[in-house]
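Notes for the one structure printed next.
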Amino acid sequence: MNAKGIPVAVINPDAPAESLESKQPELDNGVDIASKEGYFSREYMALEWDKVWTRSWLIAGVEADIPRVGDYFLFAIGDESIIVTRTEEGVRAFYNVCSHRGARLVQEERGNRKVFVCPFHSWSFNNTGELRRITDEEYFKPEVIAHRPGLKPVACDTHAGIVFINMGADPGPLKEAIGLPEGYLEAYRLDEMKVVRHVRSEWGANWKVGVEAFYESYHLHAVHPETRGVMGDLNVQYDLYPNGASRMIVPLGQPSPRIHDQTTVNEGLKMMLEDAGIDSSGFDGTAADVRRAIQEGKRARAQRLGLEYDRFVDGQLSDSWATGIFPNVQIGCHPEAVFLMRFLPHETDPERFYYDTMTLIFPVADGSYKPPAWMGLPEGTDTSGKVRPATEHYGIEEDANLGLVLSQDSSLLPIVQQGMRSRGFDGQLWSEQEQRLRHFHVELERRLAR
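Just so it is clear: in the sequence shown, position 244 is 244 by the working numbering, and no numbers are missing.
Right under this line is the structure:
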């Protein structure tokens with residue numbers, strides 16, 4: 001029960017304490033009203049860059065994008081461009097800048113190069129960072145280049161198939177920084193998944209507005225009314241972890257308690273049954289039976305396809321385990337696919353951000369095994385994983401074709417941003433349905449105060 005006697009949602013009350021599904025102990029993050037200045041202040045934006053973005057472990061990409069030695073991709077954040085590459089010794093990261101005159105070495109977002117050549121004066125560097133050749137080296141005084149200026153490294157580490165970088169001088173261990181329990185992300189085998197769509201679109205709000213919108217289900221009934229037939233938005237389990245990490249388990253395959261009809265198998269529930277490989281026309285249960293049917297259907301399909309689903313509890317097969325990693329990540333975790341979202345700050349404008357999404361699928365040669373429909377893959381998307389698609393870039397006024405739900409969010413967030421500027425707005429008031437937001441801000445303020 002919470003302070004008002006309302007039961008705290010627990011997806012599986014019988015889950016053992018060591019289970020990844022178990023409810024975490026409640027945390028008291030206070031009741032303070034958050035200041036609104038951080039959403040449009042350039043001074044605050046600069047402070048975040050100095051104290052958060054350049055000192056935190058950030059998700060730069062996924063290992064699936066660099067399977068071979070020499071493969072690389074670029075990670076852009078703020079004014080920085082970082083090369084992430086696979087070497088003979090493992091994954092490394094370097095600032096994408098020539099140590100001679102500062103030119104960007106690489107322009108293409110991904111490719112395969114064991115040698116990086118500067119386009120300005122053709123200095124070259126091995127993909128391990130060492131200086132390979134200085135053009136006309138005999139014209140340099142030895143004292144100028146005695147340190148053999150190679151590429152400047154960036155701290156880099158991997159976890160569960162995800163590549164993290166940290167621009168800080170002494171970042172500390174990645175695993176401790178993530179904050180999630182051992183085995184949490186590993187269960188999904190992201191290292192075996194393939195990127196089937198990657199979109200970076202510009203949205204008209206501060207990056208924190210983006211994080212906040214995706215860290216709660218409180219807005220679903222109002223902004224996404226079509227979800228009311230398929231999501232238990234008042235039955236959500238919220239869990240808070242160390243270092244700003246958090247999650248919400250949103251039960252899918254059941255109507256919202258907000259609607260009267262809890263019996264009819266509506267069109268949305270039928271679609272979810274079909275996604276699980278179940279013929280909805282022959283389903284004779286009620287809406288209350290759909291979630292369990294999805295779990296059983298997916299287990300049966302996994303057994304038929306030779307997939308190992310023993311590592312998943314039933315809820316992971318049906319529900320959305322929306323998992324946040326500080327400062328700017330939400331991962332929608334499903335056995336079939338993972339929806340990796342990053343909320344990246346704009347280079348100069350605190351009232352804009354980049355919504356960067358990657359959809360990764362566990363490749364299976366079976367037409368019924370596909371990402372959940374809510375991930376918004378356009379019709380005809382190649383989900384075989386055989387070819388890594390190019391990143392799609394969209395400006396603030398362009399339609400990124402992200403699907404109905406995400407389009408609704410992209411339209412609403414600028415309205416939120418505009419309203420926060422008003423003299424009539426004093427600061428955010430968070431309910432227990434928004435406890436992940438408070439947890440995020442407590443961690444943010446802690447880091448800004450360092």
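Glycine included, C-beta positions come from ideal geometry on N, C-alpha and C.
All values derive from a computational prediction rather than experimental measurement.
Cut-off 6 Å between Cβ atoms - residues of its own chain near residue i, not counting five sequence neighbours on either side
i      : result
ARG301 : GLY277
ARG133 : SER124
VAL265 : ALA287
ILE155 : Here residue 155 turns out to be Ala, not Ile, going by the sequence shown. Answer for ALA155: ASN166 and PRO171, listed in chain order.
Extent of the continuous alpha helix (DSSP H) run through residue i
i      : result
HIS221 : 220 to 223
ALA17  : Taken as a continuous stretch (DSSP letters only), ALA17 belongs to no alpha helix (DSSP H), as it is neither H nor E.
GLY427 : Segment: none, GLY427 is in no alpha helix (DSSP H) and carries neither H nor E.
ILE415 : 404 to 420
ASP214 : According to the sequence as given, residue 214 is Phe; it is not Asp. Residues 207 to 214.
Run of the beta strand (DSSP E) containing residue i, from where it starts to where it stops
i      : result
TYR95  : 90 to 95
GLY324 : 320 to 325
ASP366 : ASP366 -> no beta strand (DSSP E), and no H or E assigned at all.
ASP71  : 71 to 77
ASP239 : 237 to 240
LEU58  : 58 to 62
Residue i - DSSP class collapsed to helix/strand/coil
i      : result
LYS175 : helix
ARG197 : strand
GLU336 : coil
ASN126 : strand
GLU26  : coil
ASP279 : coil
ILE45  : Here the sequence assigns Met to residue 45, which means Ile is not the residue at that position. Correct three-state label for MET45: helix.
PRO149 : coil
GLN254 : coil
LEU269 : helix
PHE440 : helix
GLU186 : helix
VAL52  : helix
Through-space distance from residue j to residue i, alpha-carbon basis
i      : j      : result
ARG292 : SER422 : 46 Å
GLY172 : TYR72  : 24 Å
VAL405 : TRP374 : 8 Å
PRO255 : LEU340 : 26 Å
ALA196 : ILE361 : As written in the sequence, residue 196 is Val, which differs from the Ala given in the question. Roughly 7 Å separates the two Cα atoms.
ILE66  : ARG113 : 11 Å
GLU192 : LEU58  : 21 Å
SER407 : ASN401 : 8 Å
PHE283 : LYS370 : 20 Å
HIS121 : GLU137 : 11 Å
GLN435 : LEU240 : 8 Å
GLY395 : GLN303 : 44 Å
GLU37  : GLY419 : 13 Å
Residues of its chain near residue i, where Cβ-Cβ distance is below 8 Å and the 5 sequence neighbours each way are ignored
i      : result
THR263 : THR286, ALA287 and ALA288
VAL455 : A query on residue 455 cannot be resolved here, the shown segment of the chain reaching from 1 to 450 and no further.
Same chain, Cβ closer than 7 Å to residue i, neighbours up to 5 away in sequence not counted
i      : result
CYS333 : TYR188, TRP321 and THR323
GLU186 : ALA160
Short CB-CB distance (under 9 Å) between residue i and chain B
i      : result
THR263 : The structure shown contains no chain B; it holds only a single protein chain.
* **Stretch pair the stretch 221 to 235 + the stretch 308 to 318: three plus CB contacts closer than 8 Å** => Touching, no, given that fewer than three Cβ pairs across the two stretches are closer than 8 Å.
* Are three or more beta carbon pairs between the stretch 197 to 217 and the stretch 321 to 339 nearer than 8 Å? -> yes
* For the 8 Å Cβ check, are there 3 or more pairs between the stretch 74 to 81 and the stretch 337 to 354? -> yes
* Meets three-Cβ-pair contact criterion under 8 Å: the stretch 23 to 41 and the stretch 428 to 441 -> yes
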